[in-house]
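Some notes on the structure that comes next.
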Amino acid sequence: MNQDDASNPPEDDEPRTVFTPPPSGNEPAPEDRTIVSPAISGDAERTAIAASAPASGASSGGSTPPTSMPFTNFAPREDGQGIQVGDCLNHIFRVDRFLARGGMGEVFEGCNINTDERVAIKVMLPALAADEKVIAMFRKEAKTMTRLHHEALVGYRVLAQEPQLGVLYIVTEFIDGVNLSDALGKIQPTEEELAGLLKRLASGLAVAHRLGAIHRDISPDNILLEGGDYHKAKVIDFGIAKDLDPSSKTIVGEGFAGKLNYVAPEQLGDFGREVGPWTDVYSLALVILAVITGKNVKMGGSLVDAVDKRRAGVDLSPVPEKLKPVLEAMLRPDPKQRLRSMDDVVAMLGGDGTTARPITSLDGAIASAPPKGGMSKGALIGSAAAAVAILGAGAWFAMNAGPSADEQVGIARTAIDQALPGVECSWLQAAEVKVGEPLSVRMTGVAGNPTGARNQIAQAVQAAGVTGANVNVEEVALIQPQGCSALQTFGKVRATGEQHLAVDQREFEMAKQPAGAQYAIASVAKVKFRPPSGKDLSLLGIEPNGELSELLPNRAALDQAVAAGIVTQLPSGEFELSIDMDHTGWSGLVLLTGDGPFDKAVTQPALSARGPDWQNQFVAAASEREWKSEMLWFKSVDKQPN
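40 is the number of the first residue of the sequence shown in the working numbering; add one for each residue after it.
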């Protein structure tokens, strides 16, 4: 795949794939919508409560939020969709706007019709409702968070199941704001304000720790700034909170959790792997250091490199003198020598942080939210009691002896997700899982052995308890053996959740091109992408033989391509490029996002140089620079009469 100028035709007969400027009179773009951050569970929570611009009419159901507050006719839906804009869950939470969809659930903006409070509604996909681990995560997250209240923690309202629609959901407060990660380098707090930010976050986490939960993923991505104001910072995403009772096992168990740049040494295996409140203490100090320097800390690389950097100690030279002793005490590698609690951090900053209080009842959790509609506390408590009565009728987590059709879909999807990393030489997605006799699965992507991949996936689904599933791999392209190393290497940092690279269709027909075009006959693929805000990017072409070619080396090149008319920036914020292919068959694109530079020797070495050393080099660079990869494949077909 090559980026050629339209005035320079190829000098040989090799298949070529090129950019072409978009035609004049651009097609209408999708509706403009701003979403701060992708993915679920944790990232989708960020999207839900940090959505900074309204999306008029944008929803998963395609309808417009109602202006009144009607209750929904709760007839079971045949389309398999869990909820739609306009629904009113448990006759309390109206669904107003779709925000995001990821691998685990959907997130909506909503409203408590009794208090007029804006809320975020995180809904588990019905397809995953049969997965006990996923349910355990939702239950644990809500059980912990609905019991506490602090200005530095996003407020959780309730965990519930809608009895008619059968959806499981968590309701949190809705916050207009941005992630701290997006604000790094844009905010410049004074020394006193830095101390205030640290004290605010530490006192909030202290409340969570007193209730027996630690976060384990404190990073700029998991801190929201309400209205962009760091004085109103809030910690989000306790989905991986770990019970401090050593006899308990959580969804993440003793496994690694957290982002490599911000985790504590004990999370990497040092010091007996003992995780506790001191673990969040270490990570919070690195977050404050990132605020001071205006960029993410560089404490990653490979796992070995990350361990070595922590043992060597953190460079605190940029830290203001008054804060250095505090951060130094928070960042001692040995947890036994480190500040052991957030209360210790607050005390060292000169405050006791005791204004926060845990709330130990559902009534208290709901009543703690100030009503916007002037409803009295007594009325709020009455609403909570009504909610409990309705939820009781819904039987929160009751499971039937035999899985329903939707539960079979959930079981199958979970089994497929767990099996895919073990399918060698592949980049696959379950594009569709449909209820039927038998249940059908449609896979897309590429594989070195599509038939073997189909059998492996079918076996995984059957082992999970769904017998006779029909796994279709007709849309899976065959990749040649020399292309496997690229799939395996890019797959080490494969992005999850919302994807930033998309194509509206997977087949494009060859057709006669206008006079002056690059090729007389070619197919034209329209590809859209939306790189994450504040991140650099590299866009590569990939062919089934493993050949890689650089299309856009960085964001600066993207800006130049937009200025030259080669790439179009749509009103939605997405970028659209046209790719001409003079050959039939499959072609792919790889989108790398993160911190640059994306060195060619690391991202696209020659086929002869793609051994284990390259994979290690790529993974180390990707970890250091926080790279994520996405890939899509599309096909050129010739249906012209001979």
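We put the beta carbon where it would ideally sit given N, CA and C, even for glycine.
Values in this document were obtained by computation on a predicted structure and should not be read as measured data.
Per-residue DSSP class, three states only, for residue i
i	result
Tyr558	coil
Cys523	helix
His188	strand
Ile327	helix
Glu548	strand
Asp221	helix
Lys334	coil
Leu467	strand
Ala534	coil
Arg255	coil
Glu446	helix
Gly216	strand
Lys273	strand
Ala541	strand
Leu307	helix
Tyr321	helix
Leu362	coil
Leu342	helix
Glu586	coil
Leu388	helix
Leu299	coil
Leu138	strand
Own chain partners of residue i with C-beta closer than 6 Å, once the 5 adjacent residues on each side are dropped
i	result
Ala564	Phe547, Ile618 and Phe673
Trp317	Pro374, Arg377 and Arg379
Val353	Leu370
Leu328	Val336
Asn593	Asp575 and Gly635
Pro571	Thr632
Ala368	Leu378
Leu587	Leu579, Ile581 and Gln643
Residue i, buried or exposed, once every other Cβ within 10 Å from all chains shown has been counted against 16
i	result
Val343	exposed
His188	buried
His270	exposed
Asp714	This structure cannot speak to residue 714, because the chain is shown only from 40 to 681.
Val676	exposed
Leu240	buried
Thr607	buried
Ile560	exposed
Gly461	exposed
Ala252	buried
Glu471	exposed
Gly311	exposed
Ala486	buried
Glu476	exposed
Leu263	buried
Arg255	buried
Ser483	Per the sequence presented here, residue 483 reads as Thr, with Ser not at that position. Classification of Thr483: buried, given that the 10 Å Cβ count is 16 or more.
Arg350	exposed
Glu171	exposed
Ser647	exposed
Lys639	exposed
Ser356	exposed
Bridge-paired residues (DSSP) for residue i
i	result
Gln200	Leu207
Leu591	Leu578
Ser356	Answer is none; Ser356 lacks a bridge partner.
Phe132	Leu128 and Asn151
Arg157	Cys150
Ser675	Phe547 and Gly624
Thr453	According to DSSP, which records beta bridges pairwise, Thr453 is partnered with nothing at all.
Arg566	This sequence places Val at residue 566; Arg is not what is there. Val542 and Leu616.
Val606	Leu616
Ile174	Bridge partners of Ile174: none, in fact.
Glu313	Paired residue(s): none; Glu313 is not in a bridge.
Tyr195	Thr211
Ile262	Val274
Cβ shell of residue i (< 8 Å), same chain only, five flanking positions each side left out
i	result
Phe295	Note that Phe295 scores 45 on pLDDT, short of 50, meaning its location in the model is unreliable; the coordinates nonetheless yield the value given after this. Excluding positions up to five away in sequence, the list reads Val302, Gln306 and Leu307.
Pro359	Glu230, Leu233 and Ile331
Val542	Ala564, Lys565, Val566, Lys567, Leu671 and Phe673
Met387	Pro364, Val365, Ala368 and Leu378
is_contact[residue i, chain B] using C-beta, thresh 9 Å
i	result
Lys678	This model lacks chain B altogether, as it is built from one protein chain only.
Close-in-space but distant-in-sequence residues of the same chain around residue i (CB under 7 Å, 5 per side omitted)
i	result
Lys334	Leu223 and Gly224
Lys411	Low confidence applies to Lys411: its pLDDT is 33, below 50, so where it sits in the model is not reliable enough to give any reading.
Cβ-heavy atom distance, residue i to the ligand FAD, below 8 Å
i	result
Gln654	Summarising the ligand content, the structure contains no ligands, and the ligand FAD is consequently not present.
Output the residue ranges of the beta strand (DSSP E) runs that lie fully inside the region 472 to 528 and measure 3 residues or longer, sorted by chain position.
-> 479 to 486 and 509 to 517
Starting from the N-terminal side, write out each stretch of the beta strand (DSSP E) that is 3 residues or longer and does not extend beyond the region 610 to 672.
-> 614 to 620 and 624 to 633
Those runs of the beta strand (DSSP E) which lie wholly inside the region 225 to 250 and span at least 3 residues = none
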